[in-house]
Each structure stands twice: as C-alpha cells, then as structure tokens.
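I have placed the structure first, in the form of structure tokens, so that the comments after it can refer back to it.
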Amino acid sequence: MDFLKPRYIPMNRRRRIYEGKAKVLYEGPEPGTLIQHFKDDATAFNAKKHEVIDGKGVLNNRISEHIFSNLNDIGVPTHFIRRLNMREQLIREVEIIPLEVVVRNIAAGSLATRLGLEEGTQLPRSIIEFYYKNDALSDPMVSEEHITAFGWATPQEIDDIMALAIRVNDFLSGLFLGAGIRLVDFKMETGRLWEGEMMRIVVADEISPDSCRLWDIKSKDKMDKDRFRRDMGGLIEAYSEVARRLGILGENENPGPTGPRLVQ
8 MDFLKPRYIP
18 MNRRRRIYEG
28 KAKVLYEGPE
38 PGTLIQHFKD
48 DATAFNAKKH
58 EVIDGKGVLN
68 NRISEHIFSN
78 LNDIGVPTHF
88 IRRLNMREQL
98 IREVEIIPLE
108 VVVRNIAAGS
118 LATRLGLEEG
128 TQLPRSIIEF
138 YYKNDALSDP
148 MVSEEHITAF
158 GWATPQEIDD
168 IMALAIRVND
178 FLSGLFLGAG
188 IRLVDFKMET
198 GRLWEGEMMR
208 IVVADEISPD
218 SCRLWDIKSK
228 DKMDKDRFRR
238 DMGGLIEAYS
248 EVARRLGILG
258 ENENPGPTGP
268 RLVQ
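Quick look at the structure:
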C-alpha cells in the first residue's frame, strides 16, 4: 500500500470518526489509516478552561510531525505516517489504550503539589505514572494493579509501554537539550497496532508543547501549555520559539492560522 501518495479527500466529504478537545480524526484514504486534524482549541483542567488560539494547531502539527518522524527513524514504533498539510497528518489506525503515560524528570505540576516538592526539583530518577483516560473522573492516577485488574492492558503490554516511555524520554531529553530547552515532563499515549495476526504497541496521539513541560535552560521561562493554564499569555510565541529552536520554523516565519479549517 502506497502511504506516500494518498488520495486527498476534501473535508466536507470525510467521515468524522472522533473529535477530542484538540484534534479531530477522520476516515483515511486507505484502509487502516486515519487523518488527524489539529484544532486551535486550547483547554485545561479537563476542558473547564477553553479558548481558541489561532495558529496553535499548525504549530502542534508541525512539532509533533518532527518528533514522530525522528522517533520512527530511530526505531521507536509510532502511528505516524506523514504530514499532509499544515494542520493534518496521515496516521495508522490503532486501538488506543485508555491510559495517559506521564514521564517526569523534574518536579512540577501535580507531582509537586501531591508530594510537597518545590517546583524545579530534580528527581532522583525519571518517574513513570499512569492515568486512566476519563474526563468525567478527571483522569485519575492508577497503578499497574488497577490496569491489569480492569483489563486496560496486560502485564506484557505494561512492560512494552514502559520500555517505549523510557526510550521516548531519552530521545526527547536529548533533542530539547540540544535546543536549549529542559524537558521537565511529558505525557504520551499508546495504542495497539494490528498487522494481520500480529500486534505491537506503538506511540500514538501527539507529542507537542501541549503534552510536554518545556523550560528554557537559562531563563527557566515556560515554553508549554502552562502559559495557558496559568494565564501567563504568550502561548503562540512560546510554541513558535520551540519550533524555531528545533529547526521547524525559520527565524522570520510566522505559523499563522493556515491549512484547512474545520467544517462544523
């Protein structure tokens, strides 16, 4: 199957599969594929806070494309095939595992609050946490015992997920360090990719400043969605700076609200 030159389907003729807070999934041009559309919606606290910020979807699409392409290149399996345009990616259809996997390198956010740690404290080692994906329950933190007891994943799948999380953390830490950015923590999702009778766990969803905590190494300025959560402003400027440091945007390039708009 030629994934490199998929036939383009106009948005008003696509079948919408799923719409989340920041993305929409459409039926793809070939069996086993989906089109992932990045919206400009910014949400926090399980969508209790919401705003539309022009250009955010474009930046997240391009940054996530850059990261997933590099993960594919180093042998970390993902659902990503290719970017279609400024707002959309062609991805493989996977069975999403209902867990958010959070990898923490530095104390921040809920970890600092729960354990009474000063924000910015270097952790003794990277910590992996699991959260059950359920907005109505505010994505509660769960243990491996919960995961296996309720059948969300098997013990072998948990091992595979943790191995992926460690590899992704190692890669991202180095990638951002080279750009003068500290990876404080990040969230990733995984899914089951079926290829005939064979199944493997792959990285899914997105990895972008929406799902990472990123601090400038020198100034410690926040370059992630905390700027929205904490009403700091400057979200597009921060995301654009991340993209520039990664070589995705040129010095004078403006992401702009380009690409196809969502059909209501």
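Each residue of the sequence shown is one higher than the one before, starting from 8 at the first, in my numbering.
Positions of the beta carbon are idealized from the N, C-alpha and C atoms, including for glycine.
Owing to the predicted nature of the structure, the values given are computational and were not obtained by experimental measurement.
| Check | Outcome |
| --- | --- |
| For Ala114, three-class secondary structure by DSSP | coil |
| Contact under 8 Å by Cβ, Glu136 with Arg111 | yes |
| Check whether Arg234 and Ala115 have beta carbons under 8 Å apart | no |
| Leu32 CB to nearest heavy atom of the ligand ZN below 7 Å | Inclusion of the ligand ZN in the displayed structure is not the case, the ligand content being empty and no account of it being possible. |
| Reduced DSSP category for His73 - H, G, I as helix; E, B as strand; rest coil | helix |
| Leu269 versus Ala29: straight-line alpha-carbon distance, rounded | With a pLDDT of 48 at Leu269, under the threshold of 50, the predicted position of this residue should be treated as unreliable, though the coordinate-derived value follows. The alpha-carbon atoms of Leu269 and Ala29 are separated by roughly 12 Å. |
| Coarse secondary structure for Phe193, derived from DSSP in three states | strand |
| Identity of the residues DSSP links to Tyr25 by a beta bridge | Leu32 |
| 7 Å CB neighbourhood of Gln129 in its chain, flanking five on each side removed | Ile113 |
| Member of Pro216, Arg236 and Gly203 whose CA lies at the smallest distance from the CA of Pro38 | Gly203 |
| Test item: CB-CB of Leu253 and Val175 under 8 Å | no |
| Cβ distance (whole Å) where Pro216 is taken to contact Ala245 below 8 Å | 7 Å |
| Residue of Asn67, Phe87, Met230 and Leu66 minimising C-alpha distance to Ser75 | With the sequence shown as reference, residue 75 is identified as Phe, and Ser is not the correct amino acid for it. Nearest of Asn67, Phe87, Met230 and Leu66 to Phe75, Cα basis: Phe87. |
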